[in-house]
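Heads up, the thing below is written out as structure tokens.
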Amino acid sequence: MADPDQRIIGGDGPDDMSGGSGNDVIYGFGSTDYLSGEAGNDIIKGGDGADIIDGDDGNDILYGEDDADVIHGDEGDDRIYGGSGTNLLYGDDGNDLIYGGDRTDIIEGGNGNDRVYGGEDGDTINGNDGDDFLMGESGDDRLYGDDGNDRLYGGSGNDTLYSGSGEDRLYGGGDDDHYYIKSSSSKVIESLDQGHDTVIAEMTGTYKLAANVEDLIFRYADDDHDTGLRVGYGNTLDNYLAGNKFDNVLYGQAGNDVLDGGDGSDRLYGGAGADTFVFTPSGSDRDKVMDFEVGVDKLDFSNTDIHSFDAAMDAMKQINAGVFVDFGDASAIIYNVQLSSLTEQDFIFSS
């Protein structure tokens, strides 16, 4: 015979209370409680104190309420409310709805297609498996798409959004946001004048910077030995484009861009606008500046051992393709430029 529905109320001290197979209502009230719904569609409220709440089987509604709580939805499609306090909230299995609350929470969606809202303060939210909807809301949040085709919304605050293995959509919202992108199948959506935003591309292949995002930085893929080519495109803004230690091709496009290939033998295209080409010599690398415009663009030698215009002239020579720059072991070629046309105004040197 199945257990009847129960109403269980704790006291002021620490309680250990469990429901049965019915649809139970459990109130922890004071102190630190352990509350378990077991089977059935249960309602559990932690009350005061740092509580541990397990929904177990069924589609449960779980409230942490005051203080720092640990809540597990377990099986079923659960609704979890963290309340005040710094909470650890786990959806586990099922398609869950989770609200973080007033403080800094750590939230794991678990399996299933979950909807997670961080609430106030800076939260860390992991979608885990499934096609998830993650909303940081206010505060400086960290959102991880993980597996599945996810939607990540930072909300207000300086948020950090991480794409996963699926076709994710990342919306930073206001303020200065950072996006970590693992493949070109993930898309960044930003509004105009919503902070200074940066994409960190942890991938090989081609990445085109989305509209209204200022900076693109290539990082290593998961395998540090992956030497595949990275090709990066800016947009119509004044972009900062940075390569990694491998060979990169960077296109500034429109705007007054800064192109920094980093290590590796890089090809740099400024495009329209007054662009700056940054050199960081390393090993036997040879960078190539493909479209330098004398009197408009800049050659930034701040990261080199060349600190003056005279020293730059000594390190350069005219070749058929343009101007060759000798950095020691490393070098560069500035294509379609006459050495005699360069003036001190075309350079940036460290003081």
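So my numbering is basically just the index in the sequence shown, starting at one, shifted up by 1082.
Don't be surprised by glycine CBs; every beta carbon is placed ideally from N, CA and C.
Predicted model only: the values in this text are computed from it and were never measured.
Looking at F1431: is its Cβ nearer than 8 Å to the Cβ of S1390?
As a position in the sequence shown, residue 1431 is number 349, starting the count at 1. As a position in the sequence shown, residue 1390 is number 308, starting the count at 1. The answer is yes: Cβ separation under 8 Å.
Can you give me the C-alpha to C-alpha distance between R1251 and R1089, rounded to a whole angstrom?
Your numbering for residue 1251 matches position 169 in the sequence shown. Your numbering for residue 1089 matches position 7 in the sequence shown. Near 43 Å, if we compare the C-alpha coordinates of R1089 and R1251.
Just the C-alpha distance for G1183 and F1111, rounded to the nearest angstrom, thanks.
Sequence index remark: in the sequence shown, residue 1183 carries index 101 (1-based). Sequence index remark: in the sequence shown, residue 1111 carries index 29 (1-based). One C-alpha to the other measures close to 18 Å.
Does the region 1341–1355 touch the region 1390–1403, meaning 3 or more C-beta pairs lie closer than 8 Å?
no
With C-beta atoms as the reference, is V1371 less than 8 Å away from Y1315?
Your numbering for residue 1371 matches position 289 in the sequence shown. Your numbering for residue 1315 matches position 233 in the sequence shown. No, the Cβ-Cβ distance between V1371 and Y1315 is not below 8 Å.
Between I1401 and L1424, what straight-line distance do the alpha-carbon atoms span, to the nearest angstrom?
Residue mapping note: residue 1401 aligns to position 319 of the sequence shown, counting from 1. Residue mapping note: residue 1424 aligns to position 342 of the sequence shown, counting from 1. Distance between the alpha carbons of I1401 and L1424: 14 Å.
Please state whether DSSP places M1099 in a helix, a strand or coil.
Residue numbering aside, residue 1099 sits at position 17 when the sequence shown is read from its first letter. Strand at M1099.
Whose C-beta lies closer than 8 Å to the C-beta of A1409 among residues of the same chain, with five residues either side of it excluded?
As a working note, residue 1409 is residue 327 in the sequence shown. Ala is not the amino acid found at residue 1409; the sequence shown has Phe there. Closer than 8 Å at the Cβ level, and outside the excluded window around F1409, lie F1361, P1363, T1386, D1387, I1388, A1397.
Out of K1380, Y1244, S1220, point me to the one whose CA is closest to F1429's CA.
Position 347 of the sequence shown holds residue 1429. Of the listed residues, the one whose Cα sits closest to F1429 is K1380.
By the DSSP assignment, the beta strand (DSSP E) with M1217 in it spans what residues?
Your numbering for residue 1217 matches position 135 in the sequence shown. Note, M1217: beta strand (DSSP E), 1215–1217.
Under 6 Å Cβ to Cβ from L1225, same chain only, skipping five residues before and after it: list those, please.
The residue labelled residue 1225 in the question sits at position 143 within the sequence shown. Cβ neighbours of L1225 beyond the five flanking positions: I1207, L1216, G1218, L1234, L1243.
Are the beta-carbon atoms of K1324 and N1338 separated by less than 8 Å?
The residue labelled residue 1324 in the question sits at position 242 within the sequence shown. The residue labelled residue 1338 in the question sits at position 256 within the sequence shown. Looking at the sequence provided, one finds Ala at residue 1324 rather than Lys. In this structure, N1338 does not lie closer than 8 Å to A1324 by Cβ.
In angstroms with no decimal places, state the Cα-to-Cα distance between Q1420 and K1399.
Position 338 of the sequence shown holds residue 1420. Position 317 of the sequence shown holds residue 1399. Answer to the nearest angstrom: the Cα atoms are 9 Å apart.
When you compare the CB positions of Y1145 and Y1116, do they come within less than 8 Å of one another, or not?
Taking the sequence shown and counting its residues from 1, the one referred to as residue 1145 is at position 63. Taking the sequence shown and counting its residues from 1, the one referred to as residue 1116 is at position 34. Cβ atoms of Y1145 and Y1116: not closer than 8 Å.
Nearest-angstrom Cα distance between N1321 and G1101?
Here residue 1321 refers to the residue found at position 239 of the sequence shown. Here residue 1101 refers to the residue found at position 19 of the sequence shown. Distance between the alpha carbons of N1321 and G1101 is about 58 Å.
With DSSP as the reference, label L1424 as helix, strand or coil.
The count along the sequence shown starts at 1 and reaches residue 1424 at position 342. In the structure shown, L1424 sits in coil (DSSP, three-state: anything other than H, G, I, E or B).
Mind checking which residues open and close the alpha helix (DSSP H) that includes D1392?
By 1-based counting over the sequence shown, the position of residue 1392 is 310. In the DSSP assignment, D1392 falls within the unbroken alpha helix (DSSP H) covering 1391–1397.
Tell me whether F1383 sits in a helix, a strand or coil according to DSSP, three-state version.
As a first step, residue 1383 is located in the sequence shown; it is residue number 301 there, counting from the start. Coil.
If you run the structure through DSSP and keep just helix, strand and coil, what is V1419?
Locating residue 1419 in the sequence shown gives position 337, counting from the first residue. DSSP places V1419 in coil when its eight states are reduced to three.
Taking the alpha carbon of I1282 as the reference point, which residue from D1275, V1295, Q1276 has its own alpha carbon closest?
Within the sequence shown, numbered from 1, the residue matching residue 1282 stands at position 200. Considering only alpha carbons, the answer is V1295.
Could you give the residue range of the beta strand (DSSP E) that holds A1324?
Here the question's residue 1324 lines up with position 242 in the sequence shown. Where A1324 is concerned, the enclosing beta strand (DSSP E) stretches over 1322–1324.
CA-CA distance, E1448 and R1185?
As shown, the chain starts at 1083 and ends at 1433. That puts residue 1448 outside it, with no answer to give.
How far does the beta strand (DSSP E) with L1274 in it extend, from its first residue to its last?
Stepping through the sequence shown from its first residue, residue 1274 is reached at position 192. Counting along the chain, L1274 falls outside any beta strand (DSSP E), and DSSP gives it neither H nor E.
Locate the beta strand (DSSP E) running through S1113, then write down its first and last residues.
The sequence position of residue 1113 within the sequence shown is 31, counting from 1. Taken as a continuous stretch (DSSP letters only), S1113 belongs to no beta strand (DSSP E), as it is neither H nor E.
In three-state DSSP terms, what is V1376?
Taking the first residue of the sequence shown as 1, we reach residue 1376 at position 294. Looking at V1376 - three-state DSSP - the assignment turns out to be coil, as it is neither helix nor strand.
In this structure, how does DSSP classify F1300 when only helix, strand and coil are distinguished?
In the sequence shown, the residue the question calls residue 1300 occupies position 218. F1300: strand per DSSP, three-state reduction.
Let me know if V1378 comes out buried or exposed under the rule of 16 or more other beta-carbons within 10 Å of its beta-carbon.
Locating residue 1378 in the sequence shown gives position 296, counting from the first residue. So V1378 counts as exposed.
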